[in-house]
Amino acid sequence: MADDALAIDFSAERIVKSGKKVVTAHVNAKDDRWRFEFAQPQGGASIIIVRMDRRSSWLILSKRRQYLEVPIARDHQLAVSETMDGELSRELVGEQTLNGYPTELFEVTVAGNEGTRQFYQWVTKVQRFPVKTVSKEGSWSEEFQRLIFTEQSPFLFELPRRLDWANPPAEVQH
29 MADDALAIDF SAERIVKSGK KVVTAHVNAK DDRWRFEFAQ PQGGASIIIV
79 RMDRRSSWLI LSKRRQYLEV PIARDHQLAV SETMDGELSR ELVGEQTLNG
129 YPTELFEVTV AGNEGTRQFY QWVTKVQRFP VKTVSKEGSW SEEFQRLIFT
179 EQSPFLFELP RRLDWANPPA EVQH
């Protein structure tokens with residue numbers, strides 16, 4: 029998904045629904061760097077900073093004042109272009125205003141490991157940003173609410189000071 033990283037800065041509330049599970053996070057994005065702040069910690073982390081340029085992410089365990097450096101999880105990759113991975117076709121369904129932005133609604137067919145799947149996707153007319161994507165059968169969705177396209181500070185994507193490294197040194201891992 030690194031190819032999806034465009035020169036686009038924004039902040040938003042990202043809501044991902046998968047079956048009955050709902051994960052909400054405040055997201056800040058700057059090019060190929062993303063910061064997720066969770067109301068309910070994910071995997072123990074209240075903040076996750078993704079650095080595609082480093083091909084890794086930091087899970088910040090705020091309550092313990094510690095961090096872990098880990099590979100980038102699929103759940104923490106943002107698709108910020110209108111083209112979906114494995115896209116086979118895209119058909120314009122109509123136009124709609126969504127979350128304050130004029131959008132074009134598309135029906136998209138994608139090929140993946142699970143076979144062919146179909147989605148509805150709302151893409152902003154100006155930024156060409158996928159503000160909402162829903163699986164056609166309704167089992168999965170991703171939506172960006174309170175979306176603001178504005179420059180983000182590079183400091184949001186750096187490791188905060190005064191945190192201890194939670195990964196034990198290699199010589200201790202026996």
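Be aware that the sequence shown starts at 29, since it is given in our numbering, and climbs by one per residue. Note that beta-carbon positions come from the ideal geometry of N, C-alpha and C, so glycine has one too.
The segment 72 to 87 makes contact with the segment 104 to 112; the number of CB pairs closer than 8 angstroms reaches 3 or more. The beta carbon of F185 lies closer than 7 angstroms to those of K58, R61, R63, I77, R79 in the same chain, with the five residues before and after it left out. Under DSSP, D37 shares a beta bridge with K58.
Nearest to V121 by alpha-carbon distance, out of D113, S84, F134, is F134. The three-state reading of DSSP puts S167 in coil, since its state is none of H, G, I, E or B. Counting only the Cα atoms, K49 lies some 28 angstroms from L116. In the three-state scheme derived from DSSP, where H, G and I count as helix and E and B as strand, D192 is classed as strand. For A194, the closest of L89, I43, Q68, V55 by C-alpha to C-alpha distance is L89. DSSP, reduced to helix, strand and coil, places L187 outside both helices and strands of the structure shown, so it counts as coil. Our two residues, D113 and A139, have alpha carbons roughly 8 angstroms apart in a direct line.
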